[in-house]
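Please read the structure below before turning to the comments.
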Amino acid sequence: MWERSAAGLRELRGVSASAGCPAPHPPIGATLATAAVVHADAATAPPLRSRQRPTPHRRRSTMELTGRDVDEFLATLDGPFVDSMRALDAIISEVFAGVTRELWEGVFWGGTEQQIIGYGHTVIARPGKPTVEWFVVGLARQKNHLSVYVNAADEDGSLVQQYKGRLGKVKVSSAAITFASIDALELDEFRALLQDAARLTPDAT
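Below is the structure:
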């Protein structure tokens, strides 16, 4: 819940975070209600380019919009997670009908190369810092699992954390859900989480 991306190959910038620890940016909704709030192998912070010097021995996080057609991207996938990816895309797209569905690519936190489908385009204000653009919900295939990132929060904090223990056989971090198959998810609760994220981000385009 932190950053959102720009359209047309716009490069983002943010604050670096160590593996497994999100950078101290508030998630969407946290600017309206104090809260701290999706993981790319080793981190949950949004992939913005840091103004600080990169940590030695670690690649700088840089994600960009590609302009590539998402359906075309999904059609090219193969491997054990393909069916789950396509099924999840259908579920998320249904909840986020009417907003953008875009493909992000680049180096995510932890130095991993990522391809993330973003649903809902939003702008996040950061006190004393430039605004950033990012997605509300992101879907990515990792080497050994799938990740869903949910960048939304309310006065009670991260939505993902609020749904912890209700989503099935998954791992949950501050803003990310990881699992090996859609079969591991409690789909009714997952849909409810998505609906809450959409409700909390009415300005997403």
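Residue numbers (this note's numbering): 113 to 317. The beta carbon of each residue, even a glycine, is placed where N, CA and C say it ideally should be.
| Asked | Found |
| --- | --- |
| CA nearest to the CA of Ile228, picked from Thr313, Asn263, Val235 and Trp216 | Trp216 |
| Straight-line gap, Ile294 to Asp268 (C-alpha atoms, nearest Å) | 27 Å |
| For His233 and Val211, believed in contact at Cβ under 8 Å, the rounded distance | 7 Å |
| For Thr174, the first and last residue of its enclosing beta strand (DSSP E) | Thr174 to Leu177 |
| C-alpha distance - Arg278 paired with Glu301, whole-angstrom precision | 6 Å |
| Same chain, Cβ closer than 7 Å to Ala309, five either side skipped, listed in chain order | Val248, Val249, Val262, Ala264 and Leu271 |
| Identified DSSP bridge partners for Lys283 | Thr290 |
| 7 Å Cβ shell around Asp201 - same chain, five flanking residues per side excluded | Leu186, Ile229 and Leu251 |
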